Amino acid sequence: MSDGRFAILDPAAGISGDMLLGALLAAGAPVEPLRDLPARLGFPDVSVQVRPVDRCGIRATKVDVIMPDGRQEHPSVSAEDGPQAHHHHHSGDEAAHHHIGELIERIERAPLSSPVRERAIRAFRLLGEAEGRVHGVPAAEVALHELGAADAMVDIVGTLEGFEGLGVDRVYNWPVAVGTGWVRAAHGVIPVPAPATAVLLEGIELGPNGPVTGEATTPTGAALLRVLSSGAPPSRWRAVAAGAWGAGGRNPGGYPNALRLILAEPAAEAGEVVLISTDVDDLSPEYLDPLRDALFAAGALDVQVWATQMKKGRTGFRIEMTVPPPEADRVSETLFRHSTTAGLRRQTVERVTLARRELQVDAGDGMRVRVKVLDAPDGPRVKPEYDDVALVASRTGRPAHEVARDLHNRAIRLVSPDTATRSVIPNKES
Numbered sequence: 015m016s017d018g019r020f021a022i023l024d025p026a027a028g029i030s031g032d033m034l035l036g037a038l039l040a041a042g043a044p045v046e047p048l049r050d051l052p053a054r055l056g057f058p059d060v061s062v063q064v065r066p067v068d069r070c071g072i073r074a075t076k077v078d079v080i081m082p083d084g085r086q087e088h089p090s091v092s093a094e095d096g097p098q099a100h101h102h103h104h105s106g107d108e109a110a111h112h113h114i115g116e117l118i119e120r121i122e123r124a125p126l127s128s129p130v131r132e133r134a135i136r137a138f139r140l141l142g143e144a145e146g147r148v149h150g151v152p153a154a155e156v157a158l159h160e161l162g163a164a165d166a167m168v169d170i171v172g173t174l175e176g177f178e179g180l181g182v183d184r185v186y187n188w189p190v191a192v193g194t195g196w197v198r199a200a201h202g203v204i205p206v207p208a209p210a211t212a213v214l215l216e217g218i219e220l221g222p223n224g225p226v227t228g229e230a231t232t233p234t235g236a237a238l239l240r241v242l243s244s245g246a247p248p249s250r251w252r253a254v255a256a257g258a259w260g261a262g263g264r265n266p267g268g269y270p271n272a273l274r275l276i277l278a279e280p281a282a283e284a285g286e287v288v289l290i291s292t293d294v295d296d297l298s299p300e301y302l303d304p305l306r307d308a309l310f311a312a313g314a315l316d317v318q319v320w321a322t323q324m325k326k327g328r329t330g331f332r333i334e335m336t337v338p339p340p341e342a343d344r345v346s347e348t349l350f351r352h353s354t355t356a357g358l359r360r361q362t363v364e365r366v367t368l369a370r371r372e373l374q375v376d377a378g379d380g381m382r383v384r385v386k387v388l389d390a391p392d393g394p395r396v397k398p399e400y401d402d403v404a405l406v407a408s409r410t411g412r413p414a415h416e417v418a419r420d421l422h423n424r425a426i427r428l429v430s431p432d433t434a435t436r437s438v439i440p441n442k443e444s
């Protein structure tokens with residue numbers, strides 16, 4: 015989505031696939047693709063039920079995957095009467111019907127968008143690797159019973175399609191509650207978090223459990239976090255919608271067993287950016303280009319490098335960049351990783367910019383060139399995109415400066431016919 019919206023997950027009561035899917039539907043993700051999702055994934059007799067429920071006085075959305083005989087995935091039995099409905103995966107269990115490898119093949123064949131397919135496959139591979147690491151078996155041999163397989167497929171693929179439907183740019187999460195006590199698995203009771211869940215949560219910030227008892231975070235929920243989340247949210251943001259809750263399987267009554275999803279946008283004031291700078295005297299100049307590329311990839315708006323003289327007469331470089339506030343931490347980390355600096359300076363500054371837009375201009379022979387347009391006080395200013403100009407010049411054999419001049423003049427006539435006369439670049443002969 016081009017407006018920069020992102021999602022923040024609040025797993026204070028844990029996270030599972032059905033909680034996340036319910037929260038997405040409550041946030042406005044389209045429900046229609048979910049209706050036929052089981053059939054698209056090779057489970058034509060499985061249905062999905064979506065219903066409103068109450069969790070400690072809060073309206074939440076509950077999603078259930080239902081088999082033809084009416085069976086649903088039941089909550090795991092816990093010594094603490096834990097909150098989440100959850101299927102534990104089995105390693106090499108002959109009674110199980112579907113192996114991870116088979117489920118991945120179904121995803122590869124299903125009519126899904128490429129981003130959803132790639133992330134779903136990654137999520138199932140993470141699940142298989144975690145269970146395989148715990149049980150000492152190959153990931154592809156990890157198996158789920160019939161209902162557990164359908165439930166996991168709907169939860170994971172449905173969640174990924176839900177985020178795609180909402181069009182958020184990024185997903186962040188606050189610290190995750192994992193729960194306490196014990197949970198029943200195929201081979202007996204095991205401590206919370208379940209071993210595979212603990213593996214999947216490696217690298218994810220965990221938080222206090224508060225009143226949560228039993229299993230709060232499931233392997234499916236943890237795998238989705240690994241695939242989706244960029245970690246902690248930016249320090250400043252503005253809530254667009256904060257009332258979306260996805261319900262877990264149980265209703266303990268003492269706290270809302272639900273996952274909250276917040277749609278947000280950057281909170282920086284118009285024109286506000288972070289100026290980040292540093293000085294280095296031990297970085298070889300040949301590494302400046304890859305450093306600049308990495309900073310742009312991390313979110314920098316502009317990057318400037320110039321030579322400077324440092325202490326003891328050493329020649330060094332000042333590296334300075336302007337960055338949107340939500341990306342300041344990511345760009346700072348990139349600067350530390352890709353340069354030799356030991357420290358940097360950051361300050362928030364005001365940036366005044368002209369309104370800008372882009373149009374496409376016919377360059378002849380079926381070619382079109384992107385042109386940037388700035389709405390200046392004295393009239394529009396245009397500049398053809400250099401890469402497009404170079405491509406036209408290469409294909410036609412004309413000098414690049416002539417191509418740029420002609421496209422500039424065509425663009426001016428398109429955006430402001432009244433000012434075209436004084437804005438046109440003359441030919442060298444005139």
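Just so we're aligned: the sequence shown equals residues 15 to 444 in my numbering.
Quick reminder that beta carbons are idealized off the backbone N, C-alpha and C, glycines included.
What you are looking at is a predicted structure, and each value in this text was computed from that prediction instead of being measured.
Backbone CA spacing between VAL226 and HIS112 [nearest angstrom]: 32 Å
Give every residue of the same chain whose Cβ lies closer than 8 Å to the Cβ of MET324, excluding the five residues on either side of it in the sequence, and list them in chain order. ASP293, ASP295 and GLY330
In this structure, does DSSP put PRO82 in helix, strand or coil? coil
Which runs of the beta strand (DSSP E), 3 residues or longer, sit entirely within the region 145-217? 156-158, 184-187, 196-199 and 202-205
SER291 bridges to which residues according to DSSP? GLU334 and ARG359
Which residues does DSSP pair with GLU132 in a beta bridge? GLU132 pairs with nothing; no bridge assigned.
Taking the CB atoms as reference points, tell me whether ALA314 and GLU347 lie closer together than 9 Å. Remark: C-beta atoms of ALA314 and GLU347 do not approach each other more closely than 9 Å.
Could you tell me whether the Cβ atoms of ARG69 and ASN271 are closer together than 9 Å? yes
Check each candidate in GLU286, TRP320 and PRO280 and name the one with the smallest Cα separation from PRO299. TRP320
Can GLY172 and PRO47 be called in contact, C-beta distance under 9 Å? For GLY172 and PRO47, yes; Cβs fall inside 9 Å.
Taking 9 Å as the CB-CB cut-off, is PRO233 touching chain C? This model lacks chain C altogether; it includes just one protein chain.
Tell me which residues share the same chain as THR362 and place their Cβ nearer than 8 Å to its Cβ, disregarding the 5 neighbours each side in the sequence. GLU286, VAL287, VAL288, LEU289 and PRO339
From this set, ALA21, ASP24, PHE20 and SER30, which residue's C-alpha is nearest ARG264's C-alpha? SER30
Report, in whole angstroms, the separation of the C-beta atoms of ALA154 and GLY162, which I expect to be a contact under 8 Å. About 16 Å separates the two Cβ atoms, so there is no contact after all.
Proximal residues to GLY257 (C-beta, below 8 Å), its chain only, five neighbours per side dropped: ALA40
Look up PRO25 in the DSSP assignment and say whether it is helix, strand or coil. coil
Proximal residues to LEU428 (C-beta, below 8 Å), its chain only, five neighbours per side dropped: LEU373 and VAL375
Quick one: complete alpha helix (DSSP H) runs, 4+ long, within the region 247-329? 302-312
Thinking VAL197 and VAL203 are a contact (beta carbons under 8 Å), I'd like their distance in whole angstroms, please. 7 Å
Please report the distance separating the alpha-carbon of ASP24 from that of GLY235. 12 Å
Would you say the region 168-185 touches the region 117-136, given that touching needs at least three Cβ pairs under 8 Å? Three or more beta-carbon pairs separated by less than 8 Å link the region 168-185 to the region 117-136, which places the two stretches in contact.
Cut-off 7 Å between Cβ atoms - residues of its own chain near ARG370, not counting five sequence neighbours on either side: LYS386, VAL387 and LEU388
PHE57 versus THR355: straight-line alpha-carbon distance, rounded: 55 Å
Would you check if the distance between the CB atom of VAL186 and the CB atom of SER243 is smaller than 9 Å? Before going on, a small fix: residue 186 reads as Tyr here, not Val. Yes.
Specify the secondary structure class of PRO47 as computed by DSSP and reduced to three states. helix
Alpha carbon to alpha carbon, what distance is there between ARG252 and PHE20? Using only the alpha carbons, I get a separation of about 10 Å.
Jot down the residue ranges of each uninterrupted alpha helix (DSSP H) in the region 383-436, minimum 4 residues, whole runs only, in chain order. 400-410 and 414-429
Using beta-carbon positions only, say whether LEU239 and LEU215 come within less than 9 Å of one another. yes
Terminal residues of the beta strand (DSSP E) in which ALA40 lies: ALA40 -> not in any beta strand (DSSP E); alpha helix (DSSP H) instead, spanning 31-40.
I need the DSSP call for LEU349, collapsed to helix, strand or coil. LEU349 sits in a helix when the DSSP states are folded into three classes.
Just reading off the alpha helix (DSSP H) that PRO233 is part of, what are its end residues? 233-242
According to the Cβ coordinates, are ASP402 and ALA377 closer than 9 Å? yes
Check for me: the beta strand (DSSP E) holding GLY378 runs from which residue to which? 369-378
Reducing DSSP to helix, strand and coil, say where ASP68 ends up. strand
Suppose you measure from the CA of ARG54 to the CA of ARG351; what does that come to, to the nearest Å? 43 Å
Check for me: the alpha helix (DSSP H) holding GLY224 runs from which residue to which? Premise fails: GLY224 is in no alpha helix (DSSP H) and is neither H nor E.
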